[in-house]
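Peer 1: Under the working numbering, the first residue of the sequence shown carries the number 139, and numbering increases by one thereafter.
We treat Cβ as the ideally placed atom computed from N, Cα and C, and that holds for glycine.
Since the structure is predicted, the reported quantities are computational estimates derived from the model, not experimental observations.
First the structure, which I've put down as structure tokens, then a few questions once you've had a look.
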Amino acid sequence: MSYHVVWFKRDLRLHDHAALAAAAQHGPVLCLYVIEPGLWAQPDMSARHYDFLLTSLRALDAELVQHGLRLQVVRGEMLDVLERLFAHKPFISLNAHEETGNGWTFARDRAVARWCRERGVQWQEYPQFGVVRRLKSRDHWQAAWETHVAEAQVSVPPLTGIPLPWPERRVPTAAALGLPADPISRPQVGGRTAGLAVLDEFLSARAGQYRGGISSPLSAPTACSRLSPYLAYGCLSLREIVQATRAQLAALPAGDRRRKGLSAFMSRLYWHCHFIQKLESQPDLEFLNLHRGYDDLREDEWNEAHFTALRCGQTGWPLVDACVVMLRETGWLNFRMRAMLVSVAAYPLWLHWREVGLWLAQQFVDYEPGIHWSQMQMQAGTTGINTTRVYNPIKQAQDHDPHGHFVRTWLPALRRVPDSWLFEPWRMPAYVQARCGVIVGRDIPLPMVDLEAATREAKAGLHARRARPDVRAEVAGIVARHGSRQRPLRRKSRSPATVSQLELGL
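Written as structure tokens, this is what we have:
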């Protein structure tokens with residue numbers, strides 16, 4: 139019996155699944171997910187990603203059972219699995235969504251394409267986001283995005299399935315893949331059902347907090363949509379989120395506070411794909427400076443002590459350290475705090491974005507390579523086309539955690555520090571330290587550098603590089619390749635230079 143393979147990757151749903159719908163029109167399908175040891179050995183992957191994935195796979199399998207199928211989960215490298223499957227039972231086509239992943243998945247997909255050509259297997263890929271493969275010009279990109287999100291959602295078709303032609307071992311644990319234990323005390327639950335519940339709750343209630351609530355780490359956990367991991371793993375499709383948001387906007391009465399929140403959210407869905415397109419068009423920006431004129435700016439000055447302090451939440455700047463602890467415990471931070479972490483790493487600590495980016499990629503459950511690496515470079519100032527954005531962690535704390543509730547929640551050692559010294563505890567006189575029982579340098583760390591002086595020196599170095607004629611000469615080419623041509627969604631909005639802090643904290 140001839141059949142078609144549907145290869146699930148970061149598209150863990152049945153609804154609006156173009157690859158599944160197309161394959162099912164032509165005969166029986168084998169629904170395949172491959173746990174690839176090579177992928178999980180990459181330095182941007184972690185056990186927290188794997189835990190969210192496994193929950194989503196179980197949810198997908200349960201959904202398939204309702205249609206009389208099972209998800210066939212196989213451990214192995216993709217080419218080996220395809221070769222073995224083809225030898226047991228040749229198939230006609232391999233169907234999947236386009237993935238803009240890390241460098242390893244990019245090389246893997248190219249190898250899969252060659253394998254299919256050599257064996258006469260049809261290799262069919264379908265757009266997952268509003269990202270255009272082999273894009274020649276940004277001039278018409280916005281129109282392509284609008285076309286993609288406006289298309290009708292694809293319903294789950296009638297399915298006829300076949301089983302895997304060999305008995306498969308149990309799904310490996312994270313430890314079996316060599317992933318160090320990385321528990322989260324407050325995780326988001328994976329899977330489509332959980333994602334739909336989050337979407338409904340956001341659209342019907344929490345959207346009213348979105349404008350004005352997403353910047354503070356206090357309000358952001360409920361004000362933000364919290365849909366980012368469900369987009370990153372494809373439990374929900376971009377198109378269904380956009381269309382559901384637009385439908386809710388159309389139904390809300392004038393003056394409803396949710397209207398402004400949902401309008402702002404829509405703009406971020408647009409920028410979500412805008413940034414992924416950058417990696418799609420230039421895959422090496424995961425590894426190399428987007429503007430090569432910045433190549434030796436930080437590379438030769440790596441400070442491991444600074445990096446260790448950052449990763450351990452021991453920089454001595456309370457808001458920074460509290461954000462690191464929250465990220466460690468939840469796998470999530472809001473957009474402004476993500477931007478602040480990268481800014482502190484890139485400027486006063488003068489750390490290269492690549493190593494910091496690998497650490498953060500492991501921490502963010504919603505890690506989306508296209509957005510992540512574009513944002514890392516924008517915050518580090520190596521794109522050559524974006525305004526330098528430097529976040530002062532003391533000012534950010536004063537603006538967004540004025541009473542210290544966030545800092546004290548995640549840093550218990552600071553709960554006894556008086557408000558007047560909370561965000562700069564190293565300035566406490568000795569008698570205040572003794573009275574509150576918190577000794578700087580013993581109970582809490584001293585900052586490793588003078589914030590003001592180190593930031594000033596870093597900005598001067600970056601701006602001196604930016605002013606060089608040879609560096610300025612390359613800017614036009616980068617704008618032509620990656621710059622936005624229009625303001626998004628035909629509405630007054632911020633330019634890419636002012637949304638550099640988005641990441642995936644939707």
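1) Which value, in whole angstroms, describes the spacing of the CA atoms of residue 213 and residue 294?
2) Tell me which residues share the same chain as residue 565 and place their Cβ nearer than 7 Å to its Cβ, disregarding the 5 neighbours each side in the sequence.
3) Got a sec? Which residues, its chain only, sit under 7 Å from residue 322 by beta carbon, not counting five neighbours each side?
4) Give a yes or no on whether 8 Å exceeds the smallest Cβ distance from residue 459 to chain D.
5) Check this for me: beta carbons of residue 563 and residue 532, under 8 Å apart or not?
6) In whole angstroms, give me the CA-to-CA distance for residue 166 and residue 450.
7) Pairs of beta-carbons, one from the segment 366 to 376 and one from the segment 184 to 204, closer than 8 Å: are there three or more?
8) Rounded to whole angstroms, what's the CA-CA distance from residue 222 to residue 174? Just pull it up for me.
9) Are the CB atoms of residue 266 and residue 153 within a distance shorter than 8 Å?
10) Out of 614, 577, 139 and 472, which one is the CA nearest neighbour of residue 428?
11) Less than 8 Å separating the beta-carbons of residue 489 and residue 444?
12) Give the secondary structure of residue 645 by DSSP, where H, G and I count as helix, E and B as strand, and everything else as coil.
13) Leaving aside the five residues before and after residue 320 along the sequence, list all residues of the same chain whose C-beta is less than 6 Å from its C-beta, in chain order.
14) Give the straight-line distance between the Cα atoms of residue 609 and residue 491, rounded to the nearest whole angstrom.
15) Tell me the DSSP bridge mates of residue 142?
16) Under 8 Å Cβ to Cβ from residue 552, same chain only, skipping five residues before and after it: list those, please.
17) State the DSSP-derived secondary structure class of residue 263, mapped to helix, strand or coil.
18) Is the number of C-beta pairs between the segment 474 to 488 and the segment 375 to 385 that are closer than 8 Å three or more?
19) Kindly give me the distance between the Cβ atoms of residue 399 and residue 347, rounded to whole angstroms, as I take these residues to be in contact under 8 Å.
20) Run through DSSP, which three-state label would residue 616 get?
21) Out of 395, 211, 530 and 594, which has the shortest C-alpha to C-alpha gap to residue 309?
22) Just to confirm my understanding: we take residue 458, look at its own chain, exclude 5 residues before and 5 after, and list those with CB closer than 6 Å. What are they?
23) Excluding the 5 residues flanking residue 611 on each side, which residues of the same chain have their C-beta closer than 6 Å to its C-beta?
Peer 2: Checking against the coordinates, here is how it stands:
1) The sequence position of residue 213 within the sequence shown is 75, counting from 1. The sequence position of residue 294 within the sequence shown is 156, counting from 1. So the alpha carbons of these two residues sit roughly 26 Å apart.
2) As a position in the sequence shown, residue 565 is number 427, starting the count at 1. The residues are 559.
3) One-based indexing of the sequence shown puts residue 322 at position 184. The residues are 186, 467, 468 and 469.
4) Among the chains of the structure shown, chain D does not appear; only one protein chain is present.
5) The count along the sequence shown starts at 1 and reaches residue 563 at position 425. The count along the sequence shown starts at 1 and reaches residue 532 at position 394. For residue 563 and residue 532, no; Cβs fall outside 8 Å.
6) Within the sequence shown, the letter at position 28 stands for residue 166. Within the sequence shown, the letter at position 312 stands for residue 450. Taking the straight line from one Cα to the other gives about 51 Å.
7) yes
8) As a working mapping, residue 222 is identified with position 84 in the sequence shown. As a working mapping, residue 174 is identified with position 36 in the sequence shown. When rounded, the distance between both Cα atoms is 15 Å.
9) As a working note, residue 153 is residue 15 in the sequence shown. As a working note, residue 266 is residue 128 in the sequence shown. Not in contact: residue 153 and residue 266 (Cβ atoms no closer than 8 Å).
10) For the purposes of this step, residue 428 is taken as the residue at position 290 of the sequence shown. Of 614, 577, 139 and 472, the residue nearest in Cα terms is 614.
11) As a working mapping, residue 489 is identified with position 351 in the sequence shown. As a working mapping, residue 444 is identified with position 306 in the sequence shown. Yes, the pair counts as a contact, with Cβ atoms nearer than the cut-off.
12) Residue 645 lies beyond the residue range present for the chain, which begins at 139 and ends at 644; the question has no answer from this structure.
13) Taking the sequence shown and counting its residues from 1, one reaches residue 320 at position 182. Same-chain partners within the cutoff: 184, 185 and 186.
14) The residue you call residue 609 lines up with position 471 of the sequence shown. The residue you call residue 491 lines up with position 353 of the sequence shown. About 19 Å.
15) Sequence index remark: in the sequence shown, residue 142 carries index 4 (1-based). For residue 142, which the question treats as bridged, DSSP gives the partners 167 and 231.
16) Locating residue 552 in the sequence shown gives position 414, counting from the first residue. Excluding positions up to five away in sequence, the list reads 456, 542, 545, 546, 560, 563, 576 and 582.
17) On the sequence shown, residue 263 is found 125 positions in, with the first residue counted as 1. Strand at residue 263.
18) no
19) Translated into positions along the sequence shown, residue 399 becomes position 261. Translated into positions along the sequence shown, residue 347 becomes position 209. Correct: roughly 7 Å between the Cβ atoms.
20) Position 478 of the sequence shown, counted from the first residue, corresponds to residue 616. DSSP places residue 616 in helix when its eight states are reduced to three.
21) Position 171 of the sequence shown, counting from 1, holds the residue named residue 309. Here the closest residue by C-alpha is 211.
22) By one-based count along the sequence shown, residue 458 stands at place 320. The answer, listed in chain order, is 482 and 531.
23) Translated into positions along the sequence shown, residue 611 becomes position 473. No residues qualify anywhere along the chain.
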